[in-house]
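Accompanying notes for the structure given below.
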Ligand SMILES: NC(=O)c1ccc[n+]([C@@H]2O[C@H](COP(=O)([O-])OP(=O)(O)OC[C@H]3O[C@@H](n4cnc5c(N)ncnc54)[C@H](OP(=O)(O)O)[C@@H]3O)[C@@H](O)[C@H]2O)c1
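Numbering (my numbering), first residue to last: 684 to 939.
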């Protein structure tokens, strides 16, 4: 579809879901991929199928300095990179009455702090190489108000704002920064609900204009678009990949 031949790409959270699909798509399009995450066995499972000499770096992005330290390890392992997919993230389902400061700190540490610190660690090397593409995986939780996810929605709103701000800071360096807002993507974070709540999967699909859940590949193809030169005149954009869930009314029969 698009090519990223001879590029070096980093995908955080590449052990499953959207990150796994993105790593596979970037490798298939020619990039050498650095896969990061906590679960080495899953990273090895993904890397075993990749053809362009993939690199695995185990990393927990929740502690302070984790993003900076991962960036330093990436530079040691492969040198400056061309593409960064900031995908690692956790959901945080907590209604306002039970949300704690610990919950808030955890979700912001992974979804926001480490995302930014990893980006700051890799940006200068990208600039030295003449530019690059940063793709932040946000969420439609930043575009519409989800129930029971105020902290999570806050992290993704921060991701969208940082996407635009860094696009401004680094545009003159040839670094493009864009964000993708997935809608309902059938990954591990939805597995319990999809398997255990009767009818939920169908009810949620019915609210989507395209009438189906998304899959990792649906997002990964847009990651590849932003990674490639096909998107060379786009930066600071926040794009929903959601089958129309955030902005389009789901078609419904008006009468029998
Ligand atoms: N699925 C959806 O419907 C949906 C919708 C909107 C946005 N998103 C966003 O898309 C991204 C990927 O979600 P997904 O659905 O693919 O989720 P997933 O299947 O749970 O994958 C999450 C990835 O992040 C990694 N990760 C989690 N905690 C981490 C930590 N403390 N340190 C380092 N890595 C960590 C996981 O690897 P390890 O567990 O091996 O560390 C895994 O590779 C997230 O940012 C999420 O917010 C998803």
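Just so you know, even glycine gets a beta-carbon here, dropped at the ideal spot from N, CA and C.
| Check | Outcome |
| --- | --- |
| In this structure, does DSSP put residue 699 in helix, strand or coil? | coil |
| State the start and end residues of the unbroken beta strand (DSSP E) segment that holds residue 719. | 715-720 |
| Thinking just about the alpha-carbon of each residue, which of 734, 721 and 724 is nearest to the one in residue 706? | 734 |
| Nearest by alpha-carbon distance to residue 696: which of 718, 710, 688 and 711 is it? | 718 |
| Measuring only the C-alpha atoms, how far is residue 731 from residue 753? | 22 Å |
| Would you mind sorting residue 737 into buried or exposed? The rule is 16 or more other CB atoms within 10 Å of its CB. | buried |
| Here's the rule: buried if 16 or more other CB atoms are within 10 angstroms of the residue's CB, otherwise exposed. What is residue 835? | buried |
| Does residue 830 pass the burial test, meaning 16 or more other C-beta atoms within 10 Å, or should it be called exposed? | exposed |
| How many angstroms separate the CA atom of residue 691 from the CA atom of residue 714? | 6 Å |
| Compute the distance between the beta-carbons of residue 923 and residue 892, then report whether it is under 8 Å. | no |
| Should the region 849-861 be called in touch with the region 912-931, which here means at least 3 C-beta pairs below 8 Å? | yes |
| Leaving aside the five residues before and after residue 726 along the sequence, list all residues of the same chain whose C-beta is less than 6 Å from its C-beta, in chain order. | 698, 718, 720 and 739 |
| Note down the Cα distance separating residue 864 from residue 759, rounded to an integer number of angstroms. | 31 Å |
| Can you determine whether any heavy atom of ligand 1 sits closer than 7 Å to the C-beta of residue 877, and answer yes or no? | no |
| Counting C-beta neighbours from all protein chains within 10 Å, is the total for residue 849 16 or more, i.e. buried, or is it exposed? | buried |
| Verify whether the separation of the beta carbon atoms of residue 794 and residue 842 is less than 8 Å. | yes |
| Nearest by alpha-carbon distance to residue 810: which of 786, 819, 775 and 763 is it? | 763 |
| Once you ignore the five residues that flank residue 840 on each side, which residues in its own chain have a CB closer than 7 Å to its CB? | 825 |
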